[in-house]
Amino acid sequence: MRNTNFCIKLPGSTTLHPTTISLYRQLVSNFNVSGEISWRNLINNSSSTSLVKEYFLNVNSYELLIEFLPSSGSFAFVNAIEVIPVPDAIFLGFVRKVGNSGFVAPLGVGGHGLETMYRLNVGGPVISPSFDQLLWTKWETDERYMFSVNAASTMTNISNISYVSPNDSFFAPLLVYETARTMINNEVAEKRFNLSWRFEVDPNFEYLVRLHFCELYYDKPNQRDFRIYINNKTAADDYDVFVKAGGMNKAYHEDYVDAMSMQIDTLWVQLGPDTLASTPGTDALLNGLEIFKLSHNANLAHGPDKINGDEPGAAYKRHKSKSFLAAFSAGFAALITISLASAALFFFKRRNVANQEKPLGWHPLSLHEMMGSTAKARLAKLPLISTSSTPCNRIGRRFSLGEIRAATANFDQSLVIGSGGFGKVYKGEIGNGFLVAIKRANPFSKQGLTEFETEVDLLSKLRHRHLVSMIGYCEEENEMILVYEYMANGTLRSHLYGSDLPSLSWKQRVEVCIGAARGLHYLHTGAETCIIHRDVKTTNILLDENLVAKIADFGLSKPGPTLDHTHVSTAVKGSFGYLDPEYYRKQQLTHKSDVYSFGVVLFEVICSRPVINPTLPKDQINLAEWALRWQRQRSLQSIVDPRLDGDYSLESLRKFGEIAEKCLSDEGRNRPTIGEVLWHLEYVLQLHEDYIQCQVDNSCTKSSLPFADFSFILPDTNKVQGETSSNAEGETISSLQGRSVQSLFY
């Protein structure tokens with residue numbers, strides 16, 4: 001494109017038009033898209049095809065102008081732009097500057113533009129933007145930047161971590177503070193700099209280094225004292241996180257500024273012991289790390305040498321035709337994110353924000369996130385059988401009743417694979433062996449029709465890899481029929497107990513739980529409004545031919561609370577054994593009700609037994625109560641499905657049990673969000689895979705595991721309230737209104 005300006009006024013709509021920038025405060029940056037992607041792939045040993053640039057700018061009017069200026073002989077392009085207002089506290093105020101002889105005069109950063117260079121979740125996995133509800137930013141892992149990974153151990157603790165001050169919540173999500181790196185490895189403790197990270201930066205700029213701290217293990221002071229070094233200069237002596245925070249599990253950050261000379265293009269951050277290695281307290285800790293480049297005279301451009309392809313490598317020379325300048329002029333404190341890939345496509349999507357706790361701005365949607373590759377492939381393969389089959393606007397293909405009858409052998413009872421208040425579900429075959437699940441509504445069931453209509457309404461709006469996809473429908477001769485993708489491996493429950501299907505390995509079980517959590521997370525946060533499933537259980541988690549988990553049966557689903565409400569008052573519906581006790585007592589539904597049900601699913605996955613079994617002794621009838629007792633005694637391995645035969649990491653099992661325990665907290669406010677559950681489940685999988693790799697390498701030792709050797713401390717949760725039902729597990733509550741849909745898609 002030629003010189004192009006984006007002018008965004010808040011509040012209001014987005015416009016694309018040329019304008020001048022002479023009246024605005026400017027922030028200039030330059031970058032070579034293809035060259036920088038190639039360079040980053042080279043140094044990071046990756047294969048990324050996109051580039052995201054992030055800037056912070058503080059101004060005082062109500063207009064933002066973003067201008068792209070291509071270099072001579074090249075062109076400019078952009079794939080997506082996000083503009084997010086941010087709290088003033090993030091970069092206003094003063095920051096201590098590191099000097100050769102200690103601190104010099106503080107530096108005010110409010111008048112600078114900043115570019116995000118690095119954002120690391122130290123000692124933990126990647127944190128995706130969806131888990132950073134304020135700034136919508138991504139936190140990457142820190143391994144590739146460590147000078148010596150062997151010099152550190154990792155630890156985690158999902159206890160009730162809190163921020164030291166309310167303002168601290170602006171800087172990083174709590175997930176950052178739940179993991180850390182320490183220098184527990186005694187073999188390297190004698191080295192002066194035990195924990196070292198190195199970063200490639202642009203010379204002749206000042207950099208803001210933000211360190212995130214939270215003491216996860218020690219509950220008294222003087223147990224972990226260390227020094228902080230930035231570029232071999234002492235930033236802090238005798239640093240004790242416990243003392244600075246005022247206790248354990250308290251999250252906060254420290255900011256430092258240092259300048260790079262013309263000749264230096266590597267920035268070092270190091271933590272080392274403050275005493276001799278043989279004395280107590282020779283340890284250091286870090287939870288998160290961010291580095292920002294500060295503008296100099298409204299300029300963030302790193303010099304013409306890199307644009308022309310001279311630095312940092314030959315990759316820039318091969319792609320110099322795609323370098324360009326970006327100039328920013330703005331009228332509010334904002335985070336500006338620019339995404340670039342290999343096509344010139346402008347795609348703006350206004351994010352619907354419920355309240356001020358979530359950032360206003362623009363959020364590009366990903367088609368892959370909206371609709372899974374498996375479902376898309378199925379739709380692409382679906383044959384056109386006759387001229388009576390016509391496309392449908394939102395729901396999918398419109399099938400004729402004749403096609404449905406042919407697919408089900410005229411609704412042959414031998415093809416019934418599920419039934420409930422709505423009617424029956426049939427296994428069907430369309431075209432050349434294309435298998436589908438066909439749900440036929442019972443016209444005489446008022447409740448069934450209501451649930452049927454709810455499912456149609458929701459599935460016509462939702463597409464996600466971990467939600468069962470609706471392929472089409474039929475509406476003829478008073479028949480109401482829905483056609484779904486066929487799930488070849490049936491329900492999760494059928495692989496745990498009650499059938500002759502093969503059992504799942506521990507890794508497969510964790511992966512299935514991760515998939516189901518992703519589906520629920522999309523329902524809670526990814527749709528236009530929060531959707532509460534209300535009937536999460538192992539028969540409503542289906543598995544395709546690749547054992548990819550998908551959430552099914554949305555007949556009981558409800559929209560979540562609106563802006564000015566914390567819950568939805570509604571009739572109690574759900575399944576015995578999975579029902580949130582708080583919802584049952586108060587008839588107040590929240591998304592945390594799904595979290596409770598999912599916690600029961602997690603214990604069911606561990607134990608492979610029904611959630612309600614009246615034939616067992618009284619103290620074992622309810623799985624949630626029984627498993628919680630074992631979990632609180634830290635003896636969960638005693639009730640693990642014997643078919644797993646010990647083929648799992650005890651660390652991953654312990655972490656898995658802690659997640660389930662948190663989900664089953666009696667009060668919803670003490671439960672994690674499903675997004676937090678998902679994040680921790682992914683960490684469980686990482687633990688197990690590390691354990692398997694250790695076995696393969698025959699190198700499993702305590703120090704090689706990702707956890708430090710300490711017990712995880714979780715707040716006590718109240719015992720599940722309510723009387724134990726004498727009904728068999730899976731039978732649904734009929735108090736107040738109706739029964740739950742009991743569908744099985746095999």
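Residue numbers for the sequence shown, in full-length UniProt numbering: 1 to 746. Note that the Cβ used here is the ideal one computed from N, Cα and C, for glycine as well. These figures come from a predicted structure and were not determined experimentally.
- C-alpha of K97 to C-alpha of D544: approximately 56 angstroms in a straight line.
- Between L300 and G113 the beta-carbon gap is near 6 angstroms, inside 8 angstroms, which marks them as a contact.
- Scanning its chain for C-beta atoms nearer than 7 angstroms, with the 5 sequence neighbours on each side dropped, one finds around T182 the residues A152, S153, M155, D283, A284, L285 and A708, in chain order.
- Contact between L401 and A409 fails: their C-beta atoms lie close to 14 angstroms from each other, not under 8 angstroms.
- When C-alpha distances from A251 are compared across I230, E215 and Y596, the shortest belongs to E215.
- Counting C-beta pairs with one atom in each stretch, the stretch 617 to 633 and the stretch 517 to 536 have fewer than three that are closer than 8 angstroms, which means they do not touch.
- Its chain contains P203 and N204 as the residues whose beta carbon lies nearer than 8 angstroms to that of S261, once the 5 sequence neighbours on both sides are disregarded; these appear in chain order.
- For G515, the enclosing alpha helix (DSSP H) stretches over residues W506 to H521.
- Under DSSP, D258 forms a beta bridge with Y207.
- Collapsing the DSSP output to three states places D225 in a strand.
- Taken through DSSP and simplified to helix, strand or coil, V86 comes out as coil.
- Across the set Q270, V605, I532 and R634, the C-alpha of V605 shows the shortest separation from the C-alpha of R643.
- Three or more beta-carbon pairs separated by less than 8 angstroms are not found between the stretch 588 to 597 and the stretch 473 to 490, which leaves the two stretches without contact.
- Cβ neighbours of E143 within its own chain (closer than 6 angstroms, five residues either side excluded): V149.
- CA-to-CA, the gap between K439 and L51 works out to about 44 angstroms.
- The beta carbon of P443 lies closer than 7 angstroms to those of N478 in the same chain, with the five residues before and after it left out.
- As a beta-bridge residue in DSSP terms, H212 pairs with H253 and G288.
- When Y239, L211 and P617 are compared, the shortest CA-CA separation from V269 is found for L211.
- Under a 10 Å Cβ-count criterion, I127 is classified as buried, with 16 or more other Cβ atoms of the shown protein chains found around its own Cβ.
- In the structure shown, A527 adopts coil according to DSSP, grouped into three states.
- Pairing S419 with Y584, the inter-Cα distance amounts to about 25 angstroms.
- Here T179 is buried. Its C-beta has 16 or more other C-beta atoms within 10 Å.
- Secondary structure at W626: helix, using DSSP grouped into helix, strand and coil.
- For F292 against E115, the beta-carbon gap comes to about 7 angstroms, under 8 angstroms, which counts as contact.
- Distance between H296 and E54, taken at the CA atoms: about 17 angstroms.
- By alpha-carbon distance to G272, the top candidate from I404, A441 and R224 is R224.
- For W679, the enclosing alpha helix (DSSP H) has its first and last residue at I674 to D697.
- Here P561 is buried. Its C-beta has 16 or more other C-beta atoms within 10 Å.
- Collapsing the DSSP output to three states places T538 in a helix.
- Between the stretch 427 to 438 and the stretch 499 to 508, the count of Cβ pairs shorter than 8 angstroms is below three; the stretches do not touch.
- Across the set K244, L289, D132 and F170, the C-alpha of L289 shows the shortest separation from the C-alpha of S196.
- Remark: C-beta atoms of V95 and L267 do not approach each other more closely than 8 angstroms.
- Around the beta-carbon of S469, 16 or more other beta-carbon atoms lie within 10 Å, marking it buried.
- Residue pairing for W197: DSSP places it in a beta bridge opposite M146 and V269.
- R493 and P610 have their C-alpha atoms spaced approximately 9 angstroms apart.
- For L636, the CB contacts under 6 angstroms within the same chain, skipping 5 residues up- and downstream, are W630 and G657 in chain order.
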